[in-house]
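Student: Here it is: the structure, laid out below.
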Amino acid sequence: MRCILSIDVEDWFHILDVPGAPKPSDWEHLPSRIEIGMMKLFEILAQCNTKATFFFLGWIAERFPHLVIEADTYGHEIASHGYLHELAYRMTPSEFLDDITRSKKILEDTIGKPVRGFRGAGFSLTEATPWFFEKLIEAGFLYDSSLFPASRQHGGMNVEKRAPYKVVEMPRVFYEIPISVVDILGKPLCLFGGGYLRLFPYGLIRKMAHKVLSEKRPVVFYVHPREVDPDHPRMQMSLARRFKSYVNLRTTEPKLQKILHDFEVTTFIDFIKVELCEENVA
Ligand SMILES: [Zn+2]
1 MRCILSIDVE DWFHILDVPG APKPSDWEHL PSRIEIGMMK LFEILAQCNT KATFFFLGWI
61 AERFPHLVIE ADTYGHEIAS HGYLHELAYR MTPSEFLDDI TRSKKILEDT IGKPVRGFRG
121 AGFSLTEATP WFFEKLIEAG FLYDSSLFPA SRQHGGMNVE KRAPYKVVEM PRVFYEIPIS
181 VVDILGKPLC LFGGGYLRLF PYGLIRKMAH KVLSEKRPVV FYVHPREVDP DHPRMQMSLA
241 RRFKSYVNLR TTEPKLQKIL HDFEVTTFID FIKVELCEEN VA
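Mapped onto the working numbering, the consecutive letters of the sequence shown carry residue numbers 1 to 282.
And the structure:
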């Protein structure tokens, strides 16, 4: 089984849940680094002839449409990370629908193709958002990858569902492809993105990725453009949070290179078509 590589396209100031973090009205005035991280990722992926799924924030796509077009031209999949990077459980169902519809339309207008995938900010699909899938289906999405099947600081849900599954089949099929977790000392952890990808040695990450594959699940890797741009500005935050957000930042790029060397990775949409044998995808 192949693995999946996803890139959550957001800037250095989009880190969630940091007290005193810049508000959307301030974002405009901050020096963006998104092009630096994106160019680096395009280069790494082109070298390995690998395609990935790019979950763009609508706010980024609106300001940097050339990045969306370039990703599409390279053959990567364009998907949505919402418009304003709001946690789903802090929105009403109708605010959520507005946010995801807005981001989807910006991306589709930019590339002239349907956008089928979604990942919510901070994996904010929780018990507090029972309407999450219903709204994504209403907005016309085919799949979601926001389920983090373990407890975490924000988002996450302690559920047994770890493998990709069909949420509904009628009248239209809709898939959930959860973030990959493995049990380490009895605790479900994800070593394939975020702080743990940076913290743990590559040997352990590779071993655990093989464990996921042996359980007949794809490994869903995820990185952010800021993680391959280690010189980006830092946000003010508590010491513990600072560790989680910035530990071993310089290891992301070499680890990503090794992942691409050791594993066959693809986009979500290709995985759904080929591995899940979904015929209803153009
Ligand atoms: Zn995000």
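For glycine and all other residues, C-beta sits at the position ideal for the given N, C-alpha and C.
Which runs of the alpha helix (DSSP H) spanning at least 4 residues fall entirely within the stretch 113-150, listed in chain order?
Tutor: You should have 132-138.
Student: Jot down the residue ranges of each uninterrupted alpha helix (DSSP H) in the stretch 157-239, minimum 4 residues, whole runs only, in chain order.
Tutor: Here the runs fully enclosed are 194-199, 202-214.
Student: Whole angstroms is fine: what's the gap from Ile-177's alpha carbon to His-232's?
Tutor: Roughly 31 Å between the two C-alpha positions.
Student: Can the beta-carbon of Tyr-83 be found closer than 9 Å to that of Ile-100?
Tutor: Yes, the pair counts as a contact, with Cβ atoms nearer than the cut-off.
Student: For the alpha helix (DSSP H) holding Ser-103, just list the boundary residues, first then last.
Tutor: Per DSSP, Ser-103 belongs to the alpha helix (DSSP H) from 93-111.
Student: Just how far apart, CA to CA, sit Phe-55 and Lys-105?
Tutor: Their Cα atoms are separated by approximately 14 Å.
Student: Less than 9 Å separating the beta-carbons of Arg-226 and Arg-33?
Tutor: Yes, the Cβ-Cβ distance between Arg-226 and Arg-33 is below 9 Å.
Student: Please say whether Leu-185 and Leu-204 have beta carbons closer to each other than 9 Å?
Tutor: No, the pair does not count as a contact, with Cβ atoms beyond the cut-off.
Student: Applying the criterion that 16 or more other CB atoms from any shown protein chain within 10 Å of the CB defines a buried residue, is Ala-79 buried or exposed?
Tutor: Buried, since its Cβ has 16 or more Cβ neighbours within 10 Å.
Student: Taking 8 Å as the limit between beta carbons, can you name the residues of its chain near Leu-16, skipping five residues before and five after?
Tutor: So the qualifying residues of the chain are His-85, Leu-87, Ala-121, Gly-122, His-154.
Student: Compare the beta carbon distance of Gly-58 and Leu-125 with 9 Å and say whether it is the shorter of the two.
Tutor: It is not a contact, given that the beta carbons lie outside the stated cut-off.
Student: With DSSP as the reference, identify every bridge partner of Ser-6, one or two as the case may be.
Tutor: For Ser-6, which the question treats as bridged, DSSP gives the partners Thr-53, Tyr-222.
Student: Return helix, strand or coil for Val-265, following the three-state DSSP convention.
Tutor: Val-265 falls in the strand class under three-state DSSP.
Student: Classify Thr-129: buried if its beta carbon has 16 or more other beta carbons within 10 angstroms, exposed otherwise.
Tutor: It counts as buried.
Student: Go ahead and pull the three-state DSSP assignment for Ala-79.
Tutor: Strand, per DSSP.
Student: Examine ligand 1 and report whether any of its heavy atoms sits within less than 8 Å of the Cβ of Ala-163.
Tutor: Not under cutoff, so the answer is no.
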